[in-house]
Each structure stands twice: as C-alpha cells, then as structure tokens.
Amino acid sequence: MLPIPDYLIALTVVLVVIPSVFVILLRFALHTHLLSLGKRVRRLIHGQPRGKKPRIVEELERRFSDASRHLEQVNTGALIDQAYSHEKVVGISCDQIDYIGRIMPSLLLSFGLLGTFIGITINLLALSQTISQSDATDINTLVNQLQQPLEGMGIAFTTSLTAIFFSAVLTVVNVAFNTGLAKNNLISYLEDYLDNIYQPSLAGQTRLDVLVQGMSNIFESFLARFGQTVREAVESSLREKVQEIADANTQVLKLAENSYNRFFQAASTIARSAEEFQLAAAQFTQVAQTFEHSQFPQKLSKATVDLTRTQSSFSESASMLSQSVQGMGVAMAELQRHGVKLVKLAEEISALRQSSIDVVKQHHHSQQALGKIIPQLQQGAQGFQSAIARLDQLEQRIVSRTDSLSDVQAELAKLVSNVKSYTEGVSLGIQALGDRLDQSLTQQANTDQHNYEIMRHNLEKVVNHLNNTNQEIAKISTKMTESNQIDGSTRITQDMTVGELVRRLSSER
Numbered sequence: 282m283l284p285i286p287d288y289l290i291a292l293t294v295v296l297v298v299i300p301s302v303f304v305i306l307l308r309f310a311l312h313t314h315l316l317s318l319g320k321r322v323r324r325l326i327h328g329q330p331r332g333k334k335p336r337i338v339e340e341l342e343r344r345f346s347d348a349s350r351h352l353e354q355v356n357t358g359a360l361i362d363q364a365y366s367h368e369k370v371v372g373i374s375c376d377q378i379d380y381i382g383r384i385m386p387s388l389l390l391s392f393g394l395l396g397t398f399i400g401i402t403i404n405l406l407a408l409s410q411t412i413s414q415s416d417a418t419d420i421n422t423l424v425n426q427l428q429q430p431l432e433g434m435g436i437a438f439t440t441s442l443t444a445i446f447f448s449a450v451l452t453v454v455n456v457a458f459n460t461g462l463a464k465n466n467l468i469s470y471l472e473d474y475l476d477n478i479y480q481p482s483l484a485g486q487t488r489l490d491v492l493v494q495g496m497s498n499i500f501e502s503f504l505a506r507f508g509q510t511v512r513e514a515v516e517s518s519l520r521e522k523v524q525e526i527a528d529a530n531t532q533v534l535k536l537a538e539n540s541y542n543r544f545f546q547a548a549s550t551i552a553r554s555a556e557e558f559q560l561a562a563a564q565f566t567q568v569a570q571t572f573e574h575s576q577f578p579q580k581l582s583k584a585t586v587d588l589t590r591t592q593s594s595f596s597e598s599a600s601m602l603s604q605s606v607q608g609m610g611v612a613m614a615e616l617q618r619h620g621v622k623l624v625k626l627a628e629e630i631s632a633l634r635q636s637s638i639d640v641v642k643q644h645h646h647s648q649q650a651l652g653k654i655i656p657q658l659q660q661g662a663q664g665f666q667s668a669i670a671r672l673d674q675l676e677q678r679i680v681s682r683t684d685s686l687s688d689v690q691a692e693l694a695k696l697v698s699n700v701k702s703y704t705e706g707v708s709l710g711i712q713a714l715g716d717r718l719d720q721s722l723t724q725q726a727n728t729d730q731h732n733y734e735i736m737r738h739n740l741e742k743v744v745n746h747l748n749n750t751n752q753e754i755a756k757i758s759t760k761m762t763e764s765n766q767i768d769g770s771t772r773i774t775q776d777m778t779v780g781e782l783v784r785r786l787s788s789e790r
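Counting in the numbering used here, the sequence shown runs from 282 upward without gaps.
Structure follows, in structure tokens:
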C-alpha cells in the first residue's frame, strides 16, 4: 500500500480535523455558557443568593422597564430573542455557533464525498491512460501498471472515511451537548423571571397602572369627601337633638335624686312621728295609771278623742306617703321607659351609621365594576388597533388590486359597522354604569331621608315623654310638699294635745 501523500494529509488536517476540533470546542463552550446562564437566572427566580446579574438579564430589565413606560403590553418574547441574538461566546454570537455546529457534519460529508469523487476521477483517468499505453500481450506488466491507480483510489476512500468519522463525532457531540434544549430552557427561565418576578416590581410604573392609579385616587378622594359630607350632615342634624336628650336625661336624674332625697326626708319624718307617738302613748299610759281612780272621766274621754283624731291624722299622712311612693314608682317606670327609648335611639343611630357604611361599600363596588370595565375598554382599544391594521391591509390591497374595489368597499363598510356597533356597545356599557351609580345614590339618599324622618319622629316622642315625666315629677313634688305640711300639722296637734292634757292634770292636782 502506497503511503498517503503529504499534501493530502495537510488538506485533510486543514479541511477536516481542525474545523471539527474547533467546532467541538465552540459547541462545548456554548453549552457550558447557556447552562451557566440558566442556573443564574433560576437562582433569581427562586430568590436564592443572586450575586452579580448576567449581562443579558440587566439588558432585558432595562429594555423591559423602558417598554413598560411607553406600551400597555410588552412583547417579552421579542425582547428575549433580540437580547439573545447579541449574546456572544469567545467573540462569536450564540446563534452563529449553533448554526456552525449544525451544518459542520453535513459540510464534512460533502468534503469527504468531494475528495472521493476527485480521487476516483483522477485514478480512472490514470487507469485509462495506463491501459491505452500498455501492451496487452504482457498480463503481468499490465497488472503492475494498474496497481498504482487502484492504490490511489484506496487513498481517496481513506480521506472520505476520515471526513465521515469526524462528521459522526460532531453529530454525537451535538447530541451530547444539546444547545437547542439549553437555549429553550434559558428563554423559558428569562420569560418566567420577566413576567412573574421583575414585572410585579414595576407595579405603578406602567402606562396602564398610572391610569388606573389616577382613577383610583379620584374615587378615593370622592369617597373621602362623600363620607365627610355624610358625617357632617349626620352630626349637624343629630348633635342638637342628642344634646337635648342628654340635658333632659340630666334633668331627669336630678329630679329623681331630689325625689329620693325628699322620700328619705319623709321617711325620717315618719320615723320621728312614730317615736313621738310612742312617747305620747307612754305618757298616756302613765296618765291613765295615775288617773285610774280619778273622778274626771269626762276629761279623760276628751283626751281619748283627741288621741283618736291624732291617730286618724297620722293614718292620713301615712296613706298620702304611700301615694307619694306609688307616684315615685310610676316616675321610675317612666324613667326606665325613657331609658329604653334612648337605647332604641342609639340603635337607630348605629343603624344610620351602618347605612352610611353600606353607601361607602356600594361606592367601592361601583369602583370595582369600573375596574372591570377598564379591561373591556382596553380590549376595545386593541380592537381599534386591529381595525386600523386591517384598514392598512385593505389600502395595500386597493393599491395592488384595483379590480377588487367593490369587495374592498364592502369590507370597509362591514368594518365600519363593526366599529360603530362596538362603540355603541361601549357607550351603552358606560351609560349603564352611570345609571347604576345614580340609581344607587338616589336609593341610598331616599333611605337616609326615611331614616332621618323616623329618628325625628322618635325624638319628638322622647321629648313628649320627657315633658310628661316632668309633669309627673312636679305632681309628686306637690304631693310630697302637702305630705310634709300634713306631718307638721299632725305633730302640732300632738304637741297641743299632750300639753293641754298636762295642763289639765296640773290644774286638777
């Protein structure tokens, strides 16, 4: 077998071996770089120690932040593709390395086949010349002359086998270091990070967030002003009445305290009267014992009559005192009823406060309904954009195809009708929302007015009951005064009777 020529070895090394080794190293470097980026982005997603962010992540954050300020919806996939196209390894872009690694096995096969066909062609030409120049009578000489071209053909197949071997090695390397899978994982990690981690950190900075925040601030200020207005109205309408009720309650408590004091005074007066009566009875007993054998029965009978009168007067004062006590019981019952009515009034005030809270909740629900309408308006805006895009397409079709003018006009009319119908639907939705807001406000205002009327009526009843209570207390005070006067006259009568009796006894002695 002839040795392989040096020039053929050099061509094989330059065209097959060196490119194959270079592509294998690039493939390994690209795969390692993509895996490293994927791990670092995955740490960012899971909140692990981040370290320094990759350059592609910093570029994507900057582009995403700028796009969020000017666009309502950011195309995350386009941003990631654009940033990945600028990512480089050893000065070569990742897409170029991936492309070279994919086409190199086919290129090596092409080089091997090209070398094979060139060698076969050259050897066939040499074989033809050898056959034409040789003498057909000498078979051994002919075989020796044909041996060299046939060995050259074997060398050509050897170079082809070398190219096929490195092509197979590159194919195995491409399968082992699958950069396509690593790229897809990296892109999915980047999309997850931008959409679920980084985008929430930009809350309030996007165009839509700014609009929604503005509308939210307007509604919050409206609710604050409305709540303050309702609170001021309720306070202004109930402050005087509540103060009057408190003053009346204070007066009732004072009158009750005075009545109790008078009751205790009357009780003490009755106690003193009882003691004096006991003393008079004791003195009468002594007088009766002294005059048991006396000859003055008429005077004694008169004294007995006087004592009987005194006892009847004492009975009358006791009955009047019992009536006073009953009047005090009635007054206490009235006070209890008024206390119950005051509790009911407090419950009505609490119900009014709850109704005001319900009004605030209804406004909050209205705000939520408006928040639900905003995405519909956004969809409408997207529909308008798509309509504009269709109009542009129709204009291009009009320029390119003048024969289809009637069809284009029909499509334009249909598109205009669709836009009008959608606009009418949006207008009806906004009008329905306004009607709902007006209706809820009107119903709540009517409910509040009805509650105010009920409270005013109840307050008037409470005032009337308080006036009646004052009259009852005045009557009780009058009765107590009369009772005190009767007690005084009774004591005077008792003193006069006992004094007269003593004087008569002294004169008789």
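By construction, the Cβ of each residue, glycine as well, lies at the ideal position given by its N, Cα and C atoms.
Quick one: grab the DSSP three-state call for residue i.
i, result
"VAL370", "strand"
"GLY328", "coil"
"PRO300", "helix"
"GLN546", "helix"
"LYS334", "coil"
"ASN459", "coil"
"GLN480", "helix"
"VAL355", "coil"
"ASP768", "Low confidence applies to ASP768: its pLDDT is 49, below 50, so where it sits in the model is not reliable, and the reading given next is rough at best. Note: ASP768 maps to helix in three-state DSSP."
Quick one: measure Cβ to Cβ for residue i and residue j, integer angstroms, because I've assumed they're closer than 8 Å.
i, j, result
"MET483", "SER346", "This sequence places Leu at residue 483; Met is not what is there. Their Cβ separation, rounded to whole angstroms, is 6 Å, which keeps LEU483 and SER346 in contact under 8 Å."
"ILE478", "ILE326", "6 Å"
"VAL450", "SER317", "In fact, because the Cβ distance is near 25 Å, the residues do not count as touching under 8 Å."
"ILE454", "ILE305", "Before going on, a small fix: residue 454 reads as Val here, not Ile. Their Cβ separation, rounded to whole angstroms, is 5 Å, which keeps VAL454 and ILE305 in contact under 8 Å."
"GLU629", "ILE735", "7 Å"
"LEU289", "THR440", "6 Å"
Between the C-alpha atoms of residue i and residue j, what's the straight-line distance to the nearest angstrom?
i, j, result
"THR293", "LEU390", "13 Å"
"PHE503", "GLN752", "50 Å"
"ARG506", "HIS314", "59 Å"
"VAL322", "GLY382", "25 Å"
"ASN542", "LEU536", "10 Å"
"GLY371", "GLU340", "Residue 371 is actually Val in this sequence, not Gly. C-alpha separation (whole angstroms): 19 Å."
"ASN459", "GLN410", "51 Å"
"VAL689", "ARG344", "With a pLDDT of 49 at VAL689, under the threshold of 50, the modelled position of this residue cannot be trusted; read the value that follows with caution. Each residue's Cα considered, the two are about 39 Å apart."
"GLU556", "ALA529", "40 Å"
"THR510", "GLN532", "33 Å"
"ILE337", "ALA364", "6 Å"
"SER549", "SER540", "14 Å"
"GLN354", "LEU442", "55 Å"
"SER374", "LEU352", "29 Å"
"GLY396", "ALA437", "6 Å"
"ALA291", "LEU394", "17 Å"
"ALA310", "ILE403", "41 Å"
"SER497", "SER517", "30 Å"
"ALA348", "LYS334", "20 Å"
"GLN791", "GLN635", "Because the chain is modelled from 282 through 790, residue 791 falls outside the range shown and cannot be assessed."
"ILE384", "LEU307", "13 Å"
"GLU597", "ALA552", "15 Å"
"ILE526", "HIS731", "21 Å"
"SER366", "ASP716", "54 Å"
"THR589", "ALA562", "11 Å"
"GLU368", "ASP287", "41 Å"
"LEU406", "SER413", "11 Å"
"PRO481", "LEU709", "34 Å"
Could you check whether residue j and residue i sit closer than 7 Å to each other, using their CB atoms as the reference points?
i, j, result
"PHE392", "ALA444", "yes"
"PHE447", "VAL297", "yes"
"ILE378", "ILE468", "no"
"GLY328", "TYR470", "no"
"GLU472", "THR357", "yes"
Answer with buried or exposed for residue i, where buried requires no fewer than 16 other C-beta atoms within 10 angstroms of its C-beta.
i, result
"ARG520", "exposed"
"ILE299", "exposed"
"LYS464", "buried"
"PRO386", "buried"
"SER593", "exposed"
"GLY461", "exposed"
"SER554", "buried"
"HIS312", "buried"
Taking 6 Å as the cut-off, is the C-beta of residue i nearer than that to any heavy atom in the ligand NAD?
i, result
"PHE392", "With respect to small molecules bound, the structure shown includes none, and the ligand NAD cannot be examined in it."
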